[in-house]
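These notes are about the structure you will find just below.
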Amino acid sequence: MAAALVAGVLAVTASACGSGSDAKVPSDPSKVSGTVTMWIYPINEKIENTWWKSRVAAFEKKYSKVNVKVVVQPWANRDEQLTTAIAGGKGPDVVYLIPDQVPQYANTGALADVSDVVAKDKDFRQNALDAMSYQGKLYGVPVLMSETGTVANKKVLAKAGIDAPPATWDEALADGAKLKKKGLYLTDYVATPDATLNQTFYPLLWQAGGSVLSSDGKKAAFNSPAGVKALTFVKTLVDKGYVPKDSLTVTPKPDQSVLCTNKAAMGFASSTAEVGICPGYQASDWQVAAPLKETKSVSYGTVGGLSVLSGSKNAAAAKAWVQWISSASQLKQFDLDHGYSSPRTSQGNLMADQPLVGDSEKYLGQMKTGVTNAAAPRQLMDVVKPHLQAALLGKVSVKQALADAEKDANKQLARG
35 MAAALVAGVL AVTASACGSG SDAKVPSDPS KVSGTVTMWI YPINEKIENT WWKSRVAAFE
95 KKYSKVNVKV VVQPWANRDE QLTTAIAGGK GPDVVYLIPD QVPQYANTGA LADVSDVVAK
155 DKDFRQNALD AMSYQGKLYG VPVLMSETGT VANKKVLAKA GIDAPPATWD EALADGAKLK
215 KKGLYLTDYV ATPDATLNQT FYPLLWQAGG SVLSSDGKKA AFNSPAGVKA LTFVKTLVDK
275 GYVPKDSLTV TPKPDQSVLC TNKAAMGFAS STAEVGICPG YQASDWQVAA PLKETKSVSY
335 GTVGGLSVLS GSKNAAAAKA WVQWISSASQ LKQFDLDHGY SSPRTSQGNL MADQPLVGDS
395 EKYLGQMKTG VTNAAAPRQL MDVVKPHLQA ALLGKVSVKQ ALADAEKDAN KQLARG
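In this text, residue positions in the sequence shown follow our numbering: the first is 35, and each later residue adds one.
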């Protein structure tokens, strides 16, 4: 309901857009003026309220006719807050967005194309740019990345005589059998309505060579041989007892999951931050490995970027600010201080001295960020998840679950 309201309000207000869609990045700092308001969120709660002060001062020294106001907004209800602001003509000029928000706002004309901001900059990773794009246009300049893949507990592996995390699905099944003999699980698979498919089904679908949607984003594509293979793999894990069945219906508390309580050997779509909250966490007990492979080795990951609203009255200044803060020198410090990897290829080992996070950087090029070619990626998940859960609980066959999910997904896609 909230998503529908957001889309409806944005559709109504799209026609009231300002000059943001037409403005270009200025080549002469002295020729641009105005106030730029940026909404950022507490990416790092400890520093967010103070970090930007010196950066704004440095930018304003170069762009003497521009004033930048950075407003740190709460994560809670951020879409509703942003939509309401846009509808009331009080939206920011620049806002921090993540990939599954981009289609929602771009689809209604609320975002300006920022391709010109990076037109001469060939240092950004292509998958980071793709994550912030919609229908062939760039609607956000990437400022951070992280990879969410295989993170293994070395002590649990050792209990089953396993030397290294599995590289393939077949190896994972073999390890599952060894771990089960020791009363341990291979991994966890949460199939509840509040679990994200980005860290459950989607990575396995990609590894099997499949896609969630057609290339134009208009039809579901997961009801395919790859989809059958992926869901069958999960069903095998469930049926053989390699994952806890409780997680199919109950979402475990993060610090009480089988991964955190040393009852499972690894997470196949886990961030290093997730294991960092485990009781008694020691980085030396864990290792990061390559994403699992069936036909492809691919994982999920996150990207965050800065978008310019099409309603901005000072879009040229806004783009200048985004270009400046995403420059190599500024972005390096931003990512280091915020604890994320860089979307720039030249900074591919930025976190090398950080336990686990540094190891995950080598896999940044193998990550995807979920569905970015549909207007409502989160709502798409909501209609698919119950069908996948039904298959894992044995209520329907794998093929029937995918067929039913496809029907509901296509209905959702038709609604936009």
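In this text, a Cβ means the ideal position worked out from N, Cα and C, and glycines have one as well. Quick caveat, the model's predicted, so the values are computed rather than measured.
Just to confirm, are G339 and V175 a CB contact at a threshold of 7 Å? Residue mapping note: residue 339 aligns to position 305 of the sequence shown, counting from 1. Residue mapping note: residue 175 aligns to position 141 of the sequence shown, counting from 1. Going by C-beta atoms, G339 is nearer than 7 Å to V175.
Closest to K202 by CA distance: which of D157, S333, E82 is it? Looking up residue 202 in the sequence shown gives position 168. For the sequence presented, residue 202 should be read as Thr rather than Lys. The candidate whose alpha carbon is nearest that of T202 is S333.
Separation of N232 from Q400, as counted between CA atoms: For the purposes of this step, residue 400 is identified with residue 366 of the sequence shown, where counting begins at 1. For the purposes of this step, residue 232 is identified with residue 198 of the sequence shown, where counting begins at 1. Approximately 14 Å, taken between the alpha carbons.
Please list the terminal residues of the continuous alpha helix (DSSP H) segment that includes W109. Counting from 1 along the sequence shown, the entry for residue 109 is found at position 75. Element bounds for W109: n/a, residue is neither H nor E.
Checking 7 Å against the spacing of the C-beta atoms, do A298 and T221 come in under that value? If you number the sequence shown from 1, residue 298 lands on position 264. If you number the sequence shown from 1, residue 221 lands on position 187. Going by C-beta atoms, A298 is nearer than 7 Å to T221.
Pick helix, strand or coil for Q388, following the three-state DSSP scheme. As a working mapping, residue 388 is identified with position 354 in the sequence shown. Coil at Q388, not helix or strand.
Taking 7 Å as the cut-off, decide whether the C-beta atoms of K216 and K193 are in contact. The sequence position of residue 216 within the sequence shown is 182, counting from 1. The sequence position of residue 193 within the sequence shown is 159, counting from 1. Taking 7 Å as the Cβ cut-off, K216 and K193 qualify as a contacting pair.
Assuming G210 is part of the alpha helix (DSSP H), what are its boundary residues? In the sequence shown, counting from the first residue as 1, residue 210 sits at position 176. Unbroken alpha helix (DSSP H) run through G210: 203 to 215.
Hey, quick one: how far does the beta strand (DSSP E) through M179 stretch, first residue to last? The sequence position of residue 179 within the sequence shown is 145, counting from 1. Start and end: 175 to 187.
Looking at P377: is its Cβ nearer than 7 Å to the Cβ of M179? Taking the first residue of the sequence shown as position 1, residue 377 is located at position 343. Taking the first residue of the sequence shown as position 1, residue 179 is located at position 145. Yes, Cβ-Cβ distance for P377 and M179 is below 7 Å.
Please classify K287 as buried or exposed, where buried requires at least 16 neighbouring CB atoms within 10 angstroms. Numbered from 1 along the sequence shown, position 253 holds the residue referred to as residue 287. By the neighbour-count rule (16 or more Cβ atoms within 10 Å), K287 is not buried but exposed.
Am I right that V277 and Y236 are in contact with their C-beta atoms under 8 Å? What's the rounded C-beta distance? Locating residue 277 in the sequence shown gives position 243, counting from the first residue. Locating residue 236 in the sequence shown gives position 202, counting from the first residue. The Cβ separation is near 17 Å, so there is no contact.
First and last residue of the uninterrupted alpha helix (DSSP H) at F256: Along the sequence shown, read from residue 1 onward, the residue named residue 256 stands at position 222. Taken as a continuous stretch (DSSP letters only), F256 belongs to no alpha helix (DSSP H), as it is neither H nor E.
Quick check: the region 60 to 75 against the region 348 to 360, are at least 3 beta-carbon pairs closer than 8 Å? yes
Taking Cβ positions, are I311 and D280 nearer each other than 7 Å? For the purposes of this step, residue 311 is taken as residue 277 along the sequence shown, with counting starting at 1. For the purposes of this step, residue 280 is taken as residue 246 along the sequence shown, with counting starting at 1. For I311 and D280, no; Cβs fall outside 7 Å.
Within this structure, are the beta carbons of Q321 and K188 separated by less than 7 Å? For this step, residue 321 is matched to residue 287 along the sequence shown. For this step, residue 188 is matched to residue 154 along the sequence shown. It is a contact, given that the beta carbons lie within the stated cut-off.
Please specify which runs of the alpha helix (DSSP H), each continuous and at least 4 residues long, are wholly inside the region 116 to 149, giving them in chain order. Runs found: 136 to 140.
On the three-pair Cβ rule with 8 Å, is the region 205 to 212 touching the region 377 to 386? Between the region 205 to 212 and the region 377 to 386 there are fewer than three C-beta pairs closer than 8 Å, too few to call the two in contact.
Cβ pair L131, S341 closer than 7 Å: Position 97 of the sequence shown, counting from 1, holds the residue named residue 131. Position 307 of the sequence shown, counting from 1, holds the residue named residue 341. The answer is yes: Cβ separation under 7 Å.
Counting C-beta neighbours from all protein chains within 10 Å, is the total for S360 16 or more, i.e. buried, or is it exposed? For the purposes of this step, residue 360 is taken as residue 326 along the sequence shown, with counting starting at 1. S360 comes out buried.
DSSP beta-bridge partners of A24: Here the chain has residues from 35 to 450 only, and residue 24 is not among them.
Supposed close pair Y223, T234 - CB separation, criterion 8 Å: Against the sequence shown, residue 223 aligns to sequence position 189. Against the sequence shown, residue 234 aligns to sequence position 200. Rounded, the Cβ-Cβ distance is 6 Å, consistent with contact.
Per DSSP, N101 forms a beta bridge with which residues? Working through the sequence shown from its first residue, we reach residue 101 at position 67. Answer is T69, bridged to N101.
To the nearest angstrom, report how far apart A57 and A350 are at their CA atoms. Position 23 of the sequence shown, counting from 1, holds the residue named residue 57. Position 316 of the sequence shown, counting from 1, holds the residue named residue 350. Computed Cα separation, rounded: 5 Å.
I81 (DSSP reduced to helix, strand or coil): Translated into positions along the sequence shown, residue 81 becomes position 47. Coil.
With H, G and I counted as helix, E and B as strand and the rest as coil, what does DSSP make of I196? As a first step, residue 196 is located in the sequence shown; it is residue number 162 there, counting from the start. Reduced to three states, the DSSP call for I196 is coil.
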